[in-house]
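Worksheet: the structure to be examined is printed underneath.
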Amino acid sequence: MDTFCTTPFRRLALTALTLGALACTGSASERTPPACLETAPVDDCVLEGTRVTLRTVDELEHTCKAMCSRARALTFSLDTTVSLQGFTGLSTIDTSLRFVGNAELTHVDALTGLRHVGNIEIVNNPVLQHLPNFPHLNRLLGLRIDRTPLLSDLHAFSELREVSRPDDPRAAERGITLANLQRLEDLQGLTHLERAATLSLHANPNLRSLKGPENLHALHALHLHANPKLHTLGGLDALQRLDTLTISGSPELRRCEVDALLSRLASAPQVVELKDLSNAPCS
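Counting with the numbering used here, you get residues 98 to 380 for the letters of the sequence shown.
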């Protein structure tokens, strides 16, 4: 499907957008095209198309030369790119920003001007270690990070205050999902998070605590499954509302600590499902 950028004065065809390589050093296929670093966006245009996917360096350069401050949806699926830079003039992505299947991407230092995004997905990036700080991004509908084994923290999202809302009619399918993150040990970085629809943590083999979102006071659902080293719920001390709690596959987590969390809530959850917890005392 062709995509295009529209303004009152022009319509620019951008066919099958794709993104390719971006390190400051190395071959051309590993480098961010100068157009992505230097071209100012056209404020009154929208990069249109239901699926804008960037894979090759040529298509990346073509896109950046016609850059707009707004996009409907944007996916980075790079083949030989090591480091991504630029896109600082892009401020709004209506539906989704996705980093999916970037085989060689290790660092992202782009998109720091984003102010409004619907959903962010970071999935199947085997060597990705670094994400930029998004200093203006304080609300999302959804955040999903999965199968990105070298990512060790969530500091990129330190300004997030809300990821959907507990009373959202679609709360069960929105919120935060963190799965298959081998280096994730806690939730450090989510310092300002106050509310979210769902917080789902699945198959994180080295997750030890939930330390990080000390200001989180409202959740629709908390799902903790197959996190074998999780031993404490410390970090959720401010939580007052929780409608659904499910836990399994965390044999080091003590049942008495879960009971303490439940006792602090303003009202009891509607659903509580607990499996494989430790019966060791808390004192």
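Ideal Cβ positions, reconstructed from N, Cα and C, are used throughout, including at glycine.
Excluding five sequence neighbours on each side, which residues of the same chain lie with their C-beta closer than 8 Å to the C-beta of residue i?
i      : result
Arg305 : Glu282, Asp283, Lys326, Leu327, His328 and Thr329
Arg338 : Pro263, His314, Ala315, Leu316, Leu362, Ala363 and Ser364
Glu311 : Thr288, Gly332, Asp334 and Ala335
Pro302 : Gln279, Asn324, Pro325 and Lys326
Glu291 : Arg258, Glu259, Asn312, Leu313, His314 and Ala315
Arg167 : Cys142, Val143, Leu144, Leu187, Ser188, Thr189, Ile190 and Asp191
Ala253 : Leu228, Pro229, Asn230, Phe231 and Gly286
Helix, strand or coil for residue i? Go by DSSP, reduced to three states.
i      : result
Thr160 : helix
Ala118 : Any reading at Ala118 needs caution, since the residue's pLDDT is 32, under 50, leaving its predicted position unreliable; the model's value is listed next. Coil.
Val179 : coil
Leu134 : helix
Cys142 : strand
Val224 : coil
Cys353 : helix
Ser380 : coil
Arg152 : coil
Ser360 : helix
Glu201 : coil
Below 6 Å CB to CB, which residues in the same chain sit around residue i once its five sequence neighbours on both sides are set aside?
i      : result
Asp84  : A question about residue 84 goes unanswered here, because the residues of the chain that appear run from 98 up to 380.
His233 : Arg212
Leu171 : Val149, Ile190 and Leu194
Leu275 : Ile242 and Leu298
Ser364 : none
Val260 : Leu237, Leu240, Gly272, Ile273 and Ala293
Leu307 : Leu284, Leu330, Gly332 and Leu333
Gln226 : Thr203 and Leu247
Ala268 : Ala294 and His317
Thr343 : His320 and Glu370
His322 : His299, Ser345 and Gly346
Tell me, which residues are paired with residue i by DSSP?
i      : result
Gly309 : Beta-bridge pairing links Gly309 to no other residue.
Gly346 : Its beta-bridge partners do not exist; DSSP assigns none.
Ser196 : Going by the sequence as given, residue 196 is Phe instead of Ser. Phe173 and Ile219, per the DSSP bridge assignment.
Ser375 : Arg351
Ser297 : Thr274 and His320
Ala315 : Arg292 and Arg338
His213 : Thr189
Ala207 : Gly183
Arg236 : Glu259
Ala168 : Leu144 and Ile190
Note down, in chain order, each residue of its chain lying with its Cβ closer than 7 Å to the Cβ of residue i, except the 5 sequence neighbours on either side.
i      : result
Asn376 : Arg352
Ser255 : Asn230, Gly286, Thr288 and His289
Val214 : Ile190, Leu194, Leu234 and Leu237
Gln367 : Asp340 and Thr341
Asn222 : Phe196, Asn199, Leu202 and Thr245
Report the option in the options whose CA atom is closest to the CA atom of residue i.
i      : options                           : result
Pro266 : Val205, Thr295 and His227         : Thr295
Pro131 : Val143, Val154, Asn324 and Ser174 : Val154
Thr149 : Gly183, Val220, Phe184 and Arg169 : It is worth fixing the name first, because residue 149 is Val in this sequence and not Thr. Answer by Cα proximity: Arg169.
Thr129 : Arg152, Cys142 and Asn324         : Arg152
Glu270 : Arg244, Leu240, Val143 and Gln279 : Leu240
Val220 : Arg244, Asp206, Thr209 and Gly210 : Arg244
Arg280 : Glu218, Asp250, Thr343 and Val369 : Asp250
His314 : Leu359, Glu354 and Cys165         : Leu359
Leu278 : Glu291, Ala300, Asp264 and Arg262 : Ala300
Cys165 : Phe196, Gly309, Val143 and Val197 : Val143
Cys161 : Phe184, Phe173 and Ser174         : Phe184
Thr209 : Gly309, Leu228, Leu157 and Glu218 : Leu228
Can you confirm whether residue i, when its beta carbon is compared against all beta carbons of chain B, has any partner nearer than 8 Å?
i      : result
Ala276 : Absent here is chain B; the protein component of the structure consists of one chain.
* To do: Could you tell me which uninterrupted beta strand (DSSP E) segments, each at least 3 residues in length, are contained entirely in the region 245 to 284, listed from first to last along the chain?
  => Listed in chain order, they are 272 to 276.
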